[in-house]
């Protein structure tokens with residue numbers, strides 16, 4: 033038998049191929065290599081640019097909405113799930129936002145609405161807990177968008 | 536008493552799927568069996584059909600970008616790259632050099648992620664559970680880079696027509712480099728687990744052989760074609776997005792069996808790391824968005840552009856009638872074309888080999904059905 037054939041024979045007889053694989057597996061038994069995240073107790077670290085729950089920003093000083101009701105987000109949305117309605121203020125001759133609905137059940141979080149917004153009023157935030165008990169609960173009105181979702185907090 | 540009973544029949548028709556764990560989604564395969572030998576197979580597809588091509592006709596060019604991510608959701612970035620490049624070709628614009636380099640980095644990361652998913656699930660089908668956990672662990676690092684870069688992990692929407700929407704974040708280069716350094720030893724570990732393993736070799740070697748001529752006749756591309764010994768990679772054959780600047784090899788196989796496809800994909804992961812490192816070394820500065828009008832209205836015409844997605848040639852054929860919405864978008868998905876070869880590869884094999892062959896094609900049903 034040639035040396036290479038001997039080598040192969042001995043490797044087969046002594047289960048070297050299996051032992052090599054098992055060594056890799058046992059090498060990872062050390063507690064240093066624990067990757068599990070205890071989710072509800074331990075909050076995941078979420079990227080700064082994460083596209084999650086939508087939010088309608090308000091001016092922190094005056095509390096007025098930053099939205100100028102330009103309707104660009106509704107036009108940019110591929111699913112057409114944003115509905116903006118406005119009313120012209122007779123005194124200032126400016127459009128004022130009356131209602132804003134955002135159907136999160138159909139949203140795919142592509143971020144096109146956020147990109148289209150000229151005033152940074154509409155923003156996709158890092159909140160990711162969007163579950164609700166009813167379909168109606170997934171359709172967010174202006175108040176919900178401004179205050180953000182309030183998921184149940186559990187204490188451990 | 537009937538003359539013949541079911542027990543007398545030599546042929547048995549068996550349904551595999553659509554809810555079978557190793558059909559990788561909702562693929563139904565009708566198997567015609569003689570004992571344990573497969574006489575013929577027939578694929579039934581369409582369980583995941585969402586009409587993506589039709590949706591495109593009712594969306595503007597920019598609005599359709601998120602939808603292409605949902606075809607091959609395992610390699611969403613590649614899909615986005617193909618579509619953006621096709622529309623850019625139609626518009627006659629080119630992404631700036633920095634955008635091209637970042638696109639290459641993200642696409643190659645996604646190629647690694649796609650191959651990792653393939654390796655893990657394929658090994659799981661064959662009976663090795665451990666590689667799945669390791670592959671998912673490394674893929675997690677890639678997905679974390681995606682999350683920090685563009686805010687999404689799976690359906691990324693990373694590219695826009697004309698370039699990029701997001702500039703790289705602080706520490707992007709450091710993260711990608713750390714991943715590259717961490718990843719190469721892990722590939723060696725996968726090889727320790729699988730390459731020499733006698734069960735893995737026995738299950739894969741000489742299973743599902745597809746010769747080079749048969750690959751060409753079926754239109755099969757990607758790792759399947761390269762495993763048959765054909766040196767064909769669209770990144771080399773018709774470079775896009777600046778791939779001609781990078782040095783890399785096209786790994787090829789000899790026999791065109793499942794084992795060669797495994798080796799080719801392992802080598803491709805190493806080559807991807809090589810490309811990423813070169814792209815990081817020569818990452819140019821400058822703008823990330825090309826001169827693209829706000830409202831994309833391409834001239835009347837049609838365009839076909841194909842890229843090398845992790846699973847093969849991914850082509851986009853777009854017809855424009857001069858309006859803001861495409862007149863027709865046709866996608867040439869690699870999984871769909873490669874799936875045709877299933878019957879050829881399964882004939883004469885055993886039932887257990889069908890699972891191996893389905894796994895080795897690397898299909899994503901979201902892409903097959905669209």
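Residue numbers (the working numbering), protein chains in the order written: chain A, 33 to 188; chain B, 536 to 905. From the three backbone atoms N, C-alpha and C, an ideal C-beta is built for every residue, glycine too.
Please report the straight-line C-alpha distance between residue i and residue j, rounded to a whole angstrom.
i              : j              : result
residue 134(A) : residue 99(A)  : 14 Å
residue 109(A) : residue 595(B) : 10 Å
residue 770(B) : residue 803(B) : 12 Å
residue 820(B) : residue 85(A)  : 33 Å
residue 552(B) : residue 580(B) : 11 Å
residue 868(B) : residue 793(B) : 21 Å
residue 668(B) : residue 160(A) : 25 Å
residue 63(A)  : residue 652(B) : 25 Å
residue 50(A)  : residue 800(B) : 22 Å
residue 574(B) : residue 68(A)  : 45 Å
residue 592(B) : residue 626(B) : 17 Å
residue 695(B) : residue 725(B) : 35 Å
residue 693(B) : residue 120(A) : 38 Å
What does a CB cutoff of less than 8 Å around residue i pick up in its chain, not counting 5 residues either side in sequence?
i              : result
residue 817(B) : 636 and 780
residue 663(B) : 728, 729, 732, 734 and 735
residue 661(B) : 734, 735, 738, 739, 890, 891 and 894
Keeping to the same chain, check which residues put their C-beta closer than 7 Å to that of residue i; ignore five residues upstream and five downstream.
i              : result
residue 89(A)  : 98, 152, 153 and 155
residue 87(A)  : 155, 157, 177 and 180
residue 558(B) : 551, 552, 564 and 893
I need the DSSP call for residue i, collapsed to helix, strand or coil.
i              : result
residue 824(B) : strand
residue 873(B) : helix
residue 181(A) : coil
residue 86(A)  : strand
residue 116(A) : strand
residue 569(B) : strand
residue 907(B) : The structure shown does not extend to residue 907(B), since chain B spans only 536 to 905, so no value can be given for it.
residue 815(B) : helix
residue 719(B) : helix
residue 695(B) : strand
residue 766(B) : coil
residue 128(A) : strand
residue 656(B) : helix
residue 864(B) : strand
residue 98(A)  : coil
residue 583(B) : coil
Excluding the 5 residues flanking residue i on each side, which residues of the same chain have their C-beta closer than 6 Å to its C-beta?
i              : result
residue 753(B) : 875 and 876
residue 106(A) : 114 and 116
residue 681(B) : 688 and 691
residue 778(B) : 770
Among all the DSSP beta bridges, which residues are the ones paired with residue i?
i              : result
residue 172(A) : 134(A)
residue 839(B) : 852(B)
residue 550(B) : 565(B)
residue 44(A)  : In the DSSP output, where bridge partners are listed per residue, residue 44(A) has none listed.
residue 577(B) : 565(B)
residue 844(B) : 847(B)
residue 155(A) : 87(A)
### Query
Are there three or more Cβ pairs, one per stretch, closer than 8 Å when the stretch 880-898 of chain B is compared with the stretch 616-631 of chain B?
no
### Message
Contact between the stretch 710-721 of chain B and the stretch 834-843 of chain B is defined here as three or more beta-carbon pairs at a separation below 8 Å; is this criterion met?
### Response
no
### Message
For the stretch 852-859 of chain B against the stretch 824-839 of chain B, do three or more pairs of beta-carbon atoms, one drawn from each stretch, fall closer than 8 Å, so that the two count as touching?
### Response
yes
### Query
Are there three or more Cβ pairs, one per stretch, closer than 8 Å when the stretch 794-811 of chain B is compared with the stretch 857-864 of chain B?
no
### Query
Do the stretch 716-724 of chain B and the stretch 757-772 of chain B meet, that is, are 3 or more Cβ pairs less than 8 Å apart?
No contact exists between the stretch 716-724 of chain B and the stretch 757-772 of chain B.
### Sufficient close CB pairs (3 or more, under 8 Å) joining the stretch 737-749 of chain B to the stretch 46-57 of chain A
no
### Query
Any contact of the stretch 637-646 of chain B with the stretch 601-613 of chain B, i.e. 3+ C-beta pairs under 8 Å?
Result yes; three or more Cβ-Cβ pairs closer than 8 Å.
### Query
Is there contact between the stretch 758-768 of chain B and the stretch 782-798 of chain B, where contact requires at least three CB pairs shorter than 8 Å?
Enough Cβ pairs lie closer than 8 Å, so yes.
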